[in-house]
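K.L.:
Starting off with a structure, shown below.
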Amino acid sequence: MRPKLGRTTLKAHVISAWTLALLAGAGATCAQAEDGPAPARTVRASGIAVANMDPSVRAQDDFFSNLNGKWLASTAIPADKASWGAFEKLDDDTKPQLRAIIEAAAADTNRAPGSDAQRIGDFYASYMDEARLEQLGLAPLQAELDRVAALRGKQDIAALIAHFNRQGFTAPYAYGVHQDNKDSTKYVADLFQDGLGLPDRDYYLKPHDAKLAATLAKYQQHVARMLALAGHDQARAADEARAIVALETAMAKIQWSKVELRDPVKAYNKVALDQLPKLLPGYDWTSYLQQTGLAGKVDYVIVSQPSYLKGMARLLDQTPLATWQAYFQWQVIHANAPYLSQAFATENFAFYGKVLSDVPEQQPRWKRAVNATDNALGESLGKLYVAQHFPPERKARMEQLVANLLAAYKQSIATLDWMSPATKEQAQAKLAKFTTKIGYPNKWRDYSSLVVKRDDLVGNVLRANEFAYERQLAKLGQPIDREEWGMTPQTVNAYYNPEMNEIVFPAAILQPPFFDADADDAVNYGAIGAVIGHEISHGFDDQGAQYDGDGNLRDWWTAADHKQFAAKSKMLVRQYSAFSPVKGYHVNGALTLGENIADNSGIAIAYKAYQIALGGQPAPVIDGLTGDQRFYMGFGQVWRSKIRDAQQIVYLKSDPHSPDRFRANGTVRNQAPFYAAFGVKPGDKMYLPPKQRVSMW
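Numbers -33 to -1, 1 to 664, taken from mature numbering (1 follows the signal peptide of the UniProt record, and there is no 0), label the letters of the sequence shown in order.
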């Protein structure tokens, strides 16, 4: 069962263990400031990677290239990566740590059957046993393919989709279990559109875009090759691939765009179970609800895209059964290709790696095995990871740092010049209810019911998918589990969840290379401080601001404040829509609005927290750089990265984050202290007139 869309993750944010530098005598916290400032600490290093800078580029013209230009010129993206930067390097550095834990479990002859070590070790071993996979070929999927072949008519499609939802296979729609957006005290099932094999509907709907059209043509060829590998003769496979792409194109036409999907109010459509036939007439909803297990657990569902379900009625009626069978068989093969013999895995990478992202080499098998084990047994592996790689003091220091940023946010809300007192009061009430989770869960997930066999990779994957499905289904009717995490401790990322009103920072990102214990406060506030501020700001971006402190969709704004906020948002949309990272392609300012608000607000709040931490004392000049310069440079060097054009286009179509270059340049040019720090003046390329700068929180 896939999670509901909407949780805001960092993607390539680098919330890191720079925490230690900030808190190991880092000066006054925001809370301390109320009782009088503490002296700023003596520092030993600027924390700025001077060797990466390109002095031939003026910071006033291109801040990102000035900071990172030499690194950009001398660094090659690894052959098995679509992009490379500080974030990707940390993720790559974590893999050997996980591998050591997993291989130790696999080699342990004393592990007890049914133990965490047995499951972790045997799952990994089943992935690494290439000889066994070659021997099995397509056999592990035969039962699933036979199930599709046994469709007697379109009346059976509902039950098949229910089965696909359980197994984690792509289907025309799926559902997720999460908190009811208008009653956050209960869980609800949310039906949402799905079904495409490409990252976004634009790949199907823009035939005049040469790159997207070429990708679609190659996708059709890929589908045909995969079906041929599964035993379909060449002519049949080619015909089926053509029909499958035509069906997915028809789905794309009735799907909502990524921008439309960002509207939580529009996506909240409460439908009683007995009213579902009005949305999709002639469909066997009774069978679907029974087979998914929803029957008897809920009285209603949330339908995220009602018009999509209505459009599905026409597709079901007009599409031949043979096409549906080919489509579903393709989805079975596609979902499991990495876990089959080498021919399937290689062809899968040939399209999704080489064509879609322009990655020339597949990751080594051990890395793929680590990823698969992590996906299936994340918290079980995370428990062992934390024990070895996350010292307890990091968590305590991170908790204090987050408290600093929350206190700075509180002060900032109080002094906003564009918001009314009534809305400020509501904003403060929401801020006071924020929950912070750092490092790892207080309660670890129990995997004891999951059966893992050393010689059955596909079976392990399918059982893990169903285990996750049943775990989500079991939430319905139960109290909200506020201890649950949406990421594992070894995930190099972070997120804000509006339904829980929580910010979450996994352990893996709180480590080198981003933590510099010898760096001064400025660079660390500009980096980790800005990212923490970013996550807090998601509670007040254009989506998060529609939820109250309890996680309910509720309008707590005055009409005048709505108008002010909308005007500022439109300015950001215009700013970022002007950026073009690949010739002919622009940033979608509407899609990236929430992340852009969080970037701009996060750094503004971090700057205020840094000023408080200075306690009224002047910042030292280090390596000829002032405190304010080091603050913004700390932020800018976080976004050091390179990306292949094909992958950048994927992100432009599907990712709510702006490209890293513009997360640096696009953010700082809205910050008034940046202009003073670097002497940015009219005529400089980084310059924005004061009236065009956006300051929100």
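Here a beta-carbon is modelled for each residue, glycine too, at the ideal position from N, C-alpha and C. Since we're looking at a predicted model, the values are computed, not measured.
Per DSSP, which residues does N464 bridge with? Please list them.
P.N.:
Bridge partners of N464: E469.
K.L.:
Which runs of the alpha helix (DSSP H), 4 residues or longer, sit entirely within the segment 87 to 134?
P.N.:
Runs found: 97 to 103, 109 to 116 and 124 to 134.
K.L.:
Hey, quick one: how far does the alpha helix (DSSP H) through S50 stretch, first residue to last?
P.N.:
Per DSSP, S50 belongs to no alpha helix (DSSP H); it is in the beta strand (DSSP E), S50 to G52.
K.L.:
List, from N- to C-terminal side, the alpha helix (DSSP H) runs of 4 residues or more that fit wholly inside the segment 524 to 608.
P.N.:
Fully enclosed alpha helix (DSSP H) runs of 4 or longer: 526 to 544, 560 to 581 and 594 to 605.
K.L.:
By the 10 Å Cβ neighbour count, where 16 or more other Cβ atoms means buried, how is A571 classified, buried or exposed?
P.N.:
So A571 counts as buried.
K.L.:
Would DSSP call K237 helix, strand or coil?
P.N.:
Note: K237 maps to strand in three-state DSSP.
K.L.:
So the alpha helix (DSSP H) T382 belongs to, where does it begin and stop?
P.N.:
Where T382 is concerned, there is no enclosing alpha helix (DSSP H), given that its DSSP letter is neither H nor E.
K.L.:
Along the chain, where does the alpha helix (DSSP H) containing A289 start, and where does it finish?
P.N.:
Taken as a continuous stretch (DSSP letters only), the alpha helix (DSSP H) holding A289 covers L288 to N303.
K.L.:
Where does A441 fall in DSSP's three states?
P.N.:
It is coil, neither helix nor strand.
K.L.:
I need the boundaries of the beta strand (DSSP E) containing S151, first residue and last residue.
P.N.:
Element bounds for S151: D150 to Q160.
K.L.:
CB A191 to CB A205, shorter than 8 Å?
P.N.:
In contact: A191 and A205 (Cβ atoms closer than 8 Å).
K.L.:
Inspect the beta-carbon positions of F329 and D47 and report whether they are closer than 8 Å.
P.N.:
According to the sequence displayed, residue 329 carries Gln and not Phe. Contact: yes.
K.L.:
Take N519 as the anchor and find which of D487, D485, A475 and P465 has the nearest alpha-carbon.
P.N.:
When each option's Cα is compared against that of N519, the closest is P465.
K.L.:
Could you check which residue in S662, A374 and Y91 has the C-alpha nearest to that of R66?
P.N.:
Ranking the options by Cα distance to R66, first place goes to Y91.
K.L.:
Helix, strand or coil for L(-11) per DSSP?
P.N.:
Confidence at L(-11) is low in this model, with a pLDDT of 24, below 50, so its placement is unreliable and the value that follows should be read with caution. Reduced to three states, the DSSP call for L(-11) is helix.
K.L.:
Using DSSP bridges, identify the partner residues of V144.
P.N.:
DSSP output for V144 lists A156 as bridge partner(s).
K.L.:
For P408, does the count of other Cβ atoms within 10 angstroms reach 16, so buried, or fall short, so exposed?
P.N.:
P408 comes out buried.
K.L.:
Mind the definition here: the segment 603 to 612 touches the segment 502 to 511 only if three or more C-beta pairs lie below 8 Å; say whether that holds.
P.N.:
Verdict: no, contact absent.
K.L.:
For F136 and S271, which I take to be in contact (beta-carbon distance under 8 Å), what is that distance rounded to the nearest angstrom?
P.N.:
Between S271 and F136 the Cβ distance is about 19 Å, and since that is not below 8 Å, they are no contact.
K.L.:
For the beta strand (DSSP E) holding K404, just list the boundary residues, first then last.
P.N.:
Taken as a continuous stretch (DSSP letters only), the beta strand (DSSP E) holding K404 covers T402 to G406.
K.L.:
Would you list the residues sitting across from Y514 in a DSSP beta bridge?
P.N.:
For Y514, which the question treats as bridged, DSSP gives the partners L520.
K.L.:
From which residue to which residue does the beta strand (DSSP E) around I269 run?
P.N.:
Here the beta strand (DSSP E) through I269 covers Y267 to V270.
K.L.:
For K237, I'd like the list of residues in its chain whose CB is within less than 7 Å of its CB, leaving aside the five on either flank, ordered along the chain.
P.N.:
Within the same chain, K237 has close Cβ partners Y267 and I269.
K.L.:
Is P656 helix, strand or coil by DSSP?
P.N.:
Coil, per DSSP.
K.L.:
Measuring only the C-alpha atoms, how far is A234 from V226?
P.N.:
One C-alpha to the other measures close to 12 Å.
K.L.:
Is it right to say V144 is buried, meaning 16 or more other beta carbons lie within 10 angstroms of its own, or is it exposed?
P.N.:
Per the 10 Å Cβ criterion, buried.
K.L.:
Does the Cβ of G135 lie closer than 7 Å to at least one heavy atom of the ligand NAP?
P.N.:
Because no ligand of any kind appears in the structure shown, any question about the ligand NAP cannot be addressed here.
K.L.:
Going by the CB atoms, is the gap between V299 and E433 shorter than 8 Å?
P.N.:
No, the pair does not count as a contact, with Cβ atoms beyond the cut-off.
K.L.:
Check I610 in the structure and name its three-state DSSP category.
P.N.:
Strand, per DSSP.
K.L.:
Alpha carbon to alpha carbon, what distance is there between L655 and N491?
P.N.:
Cα-Cα distance, rounded: 26 Å.
K.L.:
I need the straight-line Cα distance from D75 to A280, nearest angstrom please.
P.N.:
The alpha-carbon atoms of D75 and A280 are separated by roughly 54 Å.
K.L.:
DSSP state of A12, grouped into three classes?
P.N.:
Strand, per DSSP.
K.L.:
According to DSSP, is A79 part of a helix, a strand, or is it coil?
P.N.:
The answer is coil: DSSP assigns A79 none of H, G, I, E or B.
K.L.:
Give the range of the alpha helix (DSSP H) segment to which Y319 is assigned.
P.N.:
Taken as a continuous stretch (DSSP letters only), Y319 belongs to no alpha helix (DSSP H), as it is neither H nor E.
K.L.:
Which residues share a DSSP beta bridge with A336?
P.N.:
Its beta-bridge partners do not exist; DSSP assigns none.
K.L.:
With a cut-off of 8 Å, do at least 3 Cβ pairs link the segment 615 to 625 to the segment 640 to 650?
P.N.:
The answer is no - the segment 640 to 650 does not touch the segment 615 to 625, with fewer than three Cβ pairs under 8 Å.
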